[in-house]
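K.L.:
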Amino acid sequence: MAGTVLSTRALNRATLQRQLLLARTRLPVADVVTRLVGLQAQTAHTWYLGLENRIEDLDPHRVGAMLTDGGLVRVTLMRGTLHLVTPRDCRFLRPTVQPAIDRGFSASRHGRATRGLDLDALARAGYRLLLDRPLAPRELGERLAELWPGVPGDHLAQAVKDRLPLVQIPPRGVWGAAGAPALAPADTWTGLAMDAGPDPAGLVLRYLAAFGPASVKDVQAWSSLTRLAPVVDGLRDRLVELRAEDGTVLFDLPDAPRPGGDVDAPVRFLYDFDNVLRGHADRGRVLPHEHRSRLASRNGMPPGTVLVDGFVRASWRTVRPRGSAAALEVTLFEPVGAGDRDAIAAEGERTLAFLEPEGRGIRFVEP
62 MAGTVLSTRA LNRATLQRQL LLARTRLPVA DVVTRLVGLQ AQTAHTWYLG
112 LENRIEDLDP HRVGAMLTDG GLVRVTLMRG TLHLVTPRDC RFLRPTVQPA
162 IDRGFSASRH GRATRGLDLD ALARAGYRLL LDRPLAPREL GERLAELWPG
212 VPGDHLAQAV KDRLPLVQIP PRGVWGAAGA PALAPADTWT GLAMDAGPDP
262 AGLVLRYLAA FGPASVKDVQ AWSSLTRLAP VVDGLRDRLV ELRAEDGTVL
312 FDLPDAPRPG GDVDAPVRFL YDFDNVLRGH ADRGRVLPHE HRSRLASRNG
362 MPPGTVLVDG FVRASWRTVR PRGSAAALEV TLFEPVGAGD RDAIAAEGER
412 TLAFLEPEGR GIRFVEP
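Here the sequence shown stands for residues 62 to 428, where the numbers follow the numbering used here.
1) Just curious, the beta strand (DSSP E) that residue 206 is in, first and last residue?
2) Taking the alpha-carbon positions, what's the residue 139 to residue 225 distance?
3) The alpha helix (DSSP H) that contains residue 279, what's its start and end?
4) Taking only the alpha-carbon atoms, compute the straight-line gap between residue 326 and residue 149 and give it to the nearest angstrom.
5) Quick check on DSSP: helix, strand or coil for residue 117?
6) Out of 386, 265, 191, which has the shortest C-alpha to C-alpha gap to residue 243?
7) Spatial neighbours of residue 135 within its chain, please: CB distance less than 6 Å, with the 5 preceding and 5 following residues excluded, ordered by chain position.
8) What did DSSP end up calling residue 146 once you bin it into helix, strand or coil?
9) Under 9 Å between the Cβ atoms of residue 174 and residue 213?
10) Closest to residue 172 by C-alpha separation, out of 216, 196, 349, would be which residue?
11) Following the continuous beta strand (DSSP E) through residue 365, name the residue where it begins and the one where it ends.
12) With a 10 Å radius around its C-beta and 16 neighbouring C-beta atoms as the bar for buried, classify residue 357 as buried or exposed.
13) Out of 398, 428, 363, 307, which has the shortest C-alpha to C-alpha gap to residue 68?
14) What does residue 372 pair with, by DSSP beta-bridge criteria?
15) For residue 247, count neighbouring Cβ atoms within 10 angstroms of its own Cβ and tell me buried if that reaches 16, exposed if not.
16) Can you tell me which of the three DSSP states residue 399 falls into?
17) Okay, do the stretch 285 to 301 and the stretch 156 to 168 touch, 3+ Cβ pairs below 8 Å being the bar?
18) Tell me, which residues are paired with residue 136 by DSSP?
19) For residue 122, which residues from the same chain have a beta carbon less than 6 Å from its beta carbon, with the 5 sequence-adjacent residues on both sides left out?
20) Buried or exposed: residue 62, going by 16 or more other Cβ atoms within 10 Å of its Cβ?
21) Who are residue 411's beta bridge partners in DSSP?
22) Run the CB neighbour count on residue 360, radius 10 Å, all protein chains shown included, and call it buried at 16 or more, exposed below.
23) Tell me the DSSP secondary structure of residue 66 in three-state form.
24) Just confirm the distance between the C-beta atoms of residue 337 and residue 80, as a whole number of angstroms; I'd bet it's less than 8 Å.
25) For residue 83, which of helix, strand or coil comes out of DSSP?
26) When you compare the CB positions of residue 420 and residue 388, do they come within less than 9 Å of one another, or not?
27) Does DSSP put residue 307 in a helix, in a strand, or in coil?
28) Here's the rule: buried if 16 or more other CB atoms are within 10 angstroms of the residue's CB, otherwise exposed. What is residue 265?
29) Rounded to whole angstroms, what is the Cα-Cα separation between residue 184 and residue 366?
30) Considering only C-alpha positions, which residue in the set 375, 87, 119, 73 is nearest to residue 415?
31) Excluding the five sequence neighbours on either side, which residues of its own chain have a C-beta within less than 8 Å of the C-beta of residue 147, listed in chain order?
32) Identify the residues that DSSP records as bridge partners of residue 245: which are they?
33) Let's see if you can read the secondary structure: which residues bound the beta strand (DSSP E) around residue 392?
34) What does DSSP give as the partner residues of residue 377 in its beta bridges?
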């Protein structure tokens, strides 16, 4: 029988503390990225804010230098999306989530277009091409199409991208720099071979440390892996069992922090793909159900969001009126008190100074 019942606020505070969103830290960048099990980083630069709102006095140029020298990498991992991770985590995570990547590829238009091909041979050919030099996906596809005529190159390139751990190399992703995507094998770029096989138990433990307490469905939603219930069952002697208010069984590490729901939570501006909003099947611990539709996007690019008292209460964006400096526009989802409005404005000014040093002004759009 599961034990302690945790309120939604208690779940919120536990998750925010583990996500370093209750107070900024002075831990090194690599330690923070490791603690979070990576940051979703499919955009070139928005994820830098995910570090700024967790790390005191973050130097984004230093983070960019870590990408350039291989101390951090951007590689396809959880949910088939690019994540920023350390090379050591790359070698563990990629083999572990590979079954989910394979499943997603098979169900995609690329998988249908390459059905019947020897995908292992295709991956080997792609690897040999990328050993010569990094290639843009389009160029990789063109080179592969010479070997597999009759199959469009974009499908061939995507097969290699999903089959192999490939790093999207700098200058793409470097703060203040621009560049087209180019790919290199993760093992040659980092100097570390991938682990020999998956470690789903290790993944569950790392996930709980960063996102717990959580259910089996939560870790499956975050990772896109399936059939993790037997893995969790095998870890029961290393976990504690709790319950959410709705009766959902939750698992956690015995010594993980679980502060009470009365702990203060500062205002934070989250970037568009922050994993704190993508780490659970039930996002209600951070995103109130009545506000979920406000984050829907036709083009797949959700807005940035604002945490007030630990929960999403607003969205934000930078605006650049003609002839004026950039400003931050905050769209409130519900009325907020004067104290919260002041806190939003103060954190918004800090966010704007990070993103647009010449910017000025916070604009509120009332609910």
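Heads up, the beta-carbon is just placed ideally off N, CA and C, and yes, glycines get one too. For clarity, every value in this text was computed on a predicted model and none was experimentally measured.
P.N.:
From the atom records:
1) Where residue 206 is concerned, there is no enclosing beta strand (DSSP E), although the alpha helix (DSSP H) it sits in stretches over 198 to 208.
2) 14 Å
3) 277 to 284
4) 32 Å
5) coil
6) 191
7) 102, 143, 145, 229, 234
8) strand
9) yes
10) 216
11) 365 to 369
12) exposed
13) 307
14) 369
15) buried
16) helix
17) yes
18) 144, 228
19) 236
20) Summary for residue 62: the model assigns pLDDT 43, below 50, so the residue's position carries little reliability; its value from the coordinates is reported in the next sentence. When all chains shown are included, residue 62 counts as exposed.
21) In the DSSP output, where bridge partners are listed per residue, residue 411 has none listed.
22) exposed
23) strand
24) 5 Å
25) coil
26) yes
27) coil
28) buried
29) 39 Å
30) 119
31) 91, 94, 95, 132, 133, 134
32) 228
33) 388 to 393
34) 365, 391
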